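Step one of this worksheet: look at the structure below.
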Amino acid sequence: MMNSKPIGPRHRAAAGAAVLLLCAGFAAPALAEAPARASAIELGVFGGYTLLSADNQLGNAPNPARRPGSGALFGARGGWNLSDALTLEAEVDYGLSTFRDSGLAAGLVGWRGSLLWQFGSVGGAGGPGGEARWRPFVLAGAGGTATLWREFGTEHDHDITAHAGVGVSADLGPRFGVRLDLRGFALDGDQSRIAWNGAVLLGVWVRLGAADAAQLPPPPPAPRPEPPPPPKPLDSDGDGIADDVDQCRDQKGSAEDHGCPPPDADGDGIPDRRDRCPAEKETFNGKDDDDGCPDGTETVVVTATEVKILQKVHFEPGKAEIRAESHALLDAVANVLTQKTSLTKVAVEGHTDDVGAAEANVALSRQRAEAVVAYLVGKGIAATRLSAEGYGPDRPVCKELAALRKDEVKNKGKIEQCREQNRRVQFRVVESN
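For what it's worth, the numbering used here labels the leading residue of the sequence shown as 1288, then goes sequentially.
Take a look at the structure:
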């Protein structure tokens, strides 16, 4: 190749070496970063216009008019993403130039390598219906340019070039987009040491391989591990009541009794709360074995219409005060009502004999019924399940009294027995389910 400046080749070699060292210096830390887009490949095509200085030595002709001039060009490029910011690129292009004096075609072939640095992004993530993301960048590199035609008796000419530029890439989707470059590149000059040239390039690109991490949604957070189950509380007797609240840790019991066996005063295995005869053991013979009473000694019997007591409720004479001897009987009634929750309404009825004023007897019978209701409520029976009624002498069970009184001297004993039967308390079932 002919050159009017003997130092030109040295400068071209030095410029190329400097640019390559610069690229290597930028690439080394990028390779050590383990980037999110490492190994992704970008391929693209472009077209544009080259502005060639008349002072460059392409064509190697001493006459500037016989050097190739400005013209259109097109080409292709490939890039390897070192990281989200750095890309190594290689590209080739073909320029449609003409010699300045003759107008004859002067095809130009260029090849170059570049290190591209994207220093930010503006806009959305890109994609169908989404806003483009704009990526401004700078680049620098080295390469060469050659003429393909022999003119004026000269050989094909080629020169080493160094270049730099700025541009912007727009992501139109996760894997494709457009790109605009503004380039400046240096060739050996004729009148000056370096001839400055320029180019404007517009192209499209596609990305292969790893996707752009910045465009992918962040991974979902790792599921939180399930917390370990709390340790089971200590339960020495295995009754389901933890030792810290079990008042009988070495005996199985129920929560109702705070971890202790239910009270059973007579020891017949039927808890007192269900035992109609808590002081007498049950006779287990297949007959009424769950009532807690020895057979034949029941004091309370439930029928469809009545809670029937087999003993009398005794009061102080002329008063509504229950005698202590009748407390056990009323306790048995309370136990029955506790167990028989189906008896939703029971009327406590008080009755007297015919001795004294009828009006006073009615009032006394009601007061005695109310005293019984109060006693049962005190044993835990809901007041809403009970009512008190007083009938005085109006509903006798012994109806022979009028006939017996015709001869009171002769029938004195029978009259007293009849009146004793009429003095009573009854429990009538009003509602049940």
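Virtual Cβ for every residue (Gly too), placed ideally from N, Cα, C.
Since we're looking at a predicted model, the values are computed, not measured.
Identified DSSP bridge partners for residue i
i, result
"G1579", "DSSP lists no partner for G1579."
"N1622", "Partner(s): none; N1622 has no beta bridge."
"I1447", "G1431"
"S1674", "A1634"
"Q1344", "Q1344 pairs with nothing; no bridge assigned."
"F1463", "V1493"
"V1332", "A1363, V1491"
Length of the line joining the Cα atoms of residue i and residue j
i, j, result
"E1703", "K1666", "34 Å"
"I1557", "G1579", "6 Å"
"G1249", "F1333", "Any answer about residue 1249 is impossible in this case: the structure gives the chain only from 1288 up to 1720."
"A1501", "D1444", "No answer about A1501 holds up, because its pLDDT of 47 lies below 50 and its placement is not dependable."
"A1393", "S1456", "31 Å"
"L1616", "D1562", "13 Å"
"P1520", "E1612", "48 Å"
"A1429", "T1385", "24 Å"
"L1402", "T1374", "6 Å"
"E1543", "P1604", "41 Å"
"A1433", "P1507", "53 Å"
"E1585", "R1610", "20 Å"
"A1650", "V1633", "20 Å"
"I1668", "F1602", "21 Å"
"Q1344", "W1367", "33 Å"
"F1714", "P1514", "59 Å"
Neighbour-count burial assignment, residue i, 16 or more Cβ in a 10 Å radius
i, result
"V1623", "buried"
"F1406", "exposed"
"H1638", "buried"
"Q1534", "exposed"
"V1594", "buried"
"R1470", "buried"
"R1354", "buried"
"Q1337", "Here residue 1337 is Thr; the residue named in the question, Gln, does not match the sequence. So T1337 ends up on the buried side."
"D1475", "buried"
"S1629", "exposed"
Assigned secondary structure, residue i (DSSP; H/G/I helix, E/B strand, else coil)
i, result
"P1293", "Any reading at P1293 needs caution, since the residue's pLDDT is 38, under 50, leaving its predicted position unreliable; the model's value is listed next. In this structure, P1293 counts as coil in the three-state DSSP scheme."
"N1698", "coil"
"S1370", "coil"
"A1363", "strand"
"S1479", "coil"
"D1533", "coil"
"E1718", "strand"
"R1422", "strand"
"D1544", "helix"
"G1417", "Model confidence at G1417 stands at a pLDDT of 44, short of 50, so the residue's coordinates are unreliable; what they give is reported in the following sentence. In this structure, G1417 counts as coil in the three-state DSSP scheme."
Proximity below 8 Å, CB of residue i to CB of residue j
i, j, result
"V1642", "R1711", "no"
"G1420", "D1458", "The question names Gly, but residue 1420 in the sequence shown is Arg. Yes, the Cβ-Cβ distance between R1420 and D1458 is below 8 Å."
"P1680", "N1698", "no"
"G1496", "G1331", "no"
"T1631", "S1541", "no"
"V1487", "G1335", "yes"
"K1568", "P1581", "yes"
Any C-beta of chain D under 8 Å from that of residue i
i, result
"E1695", "Here chain D cannot be found, since the structure has a single protein chain."
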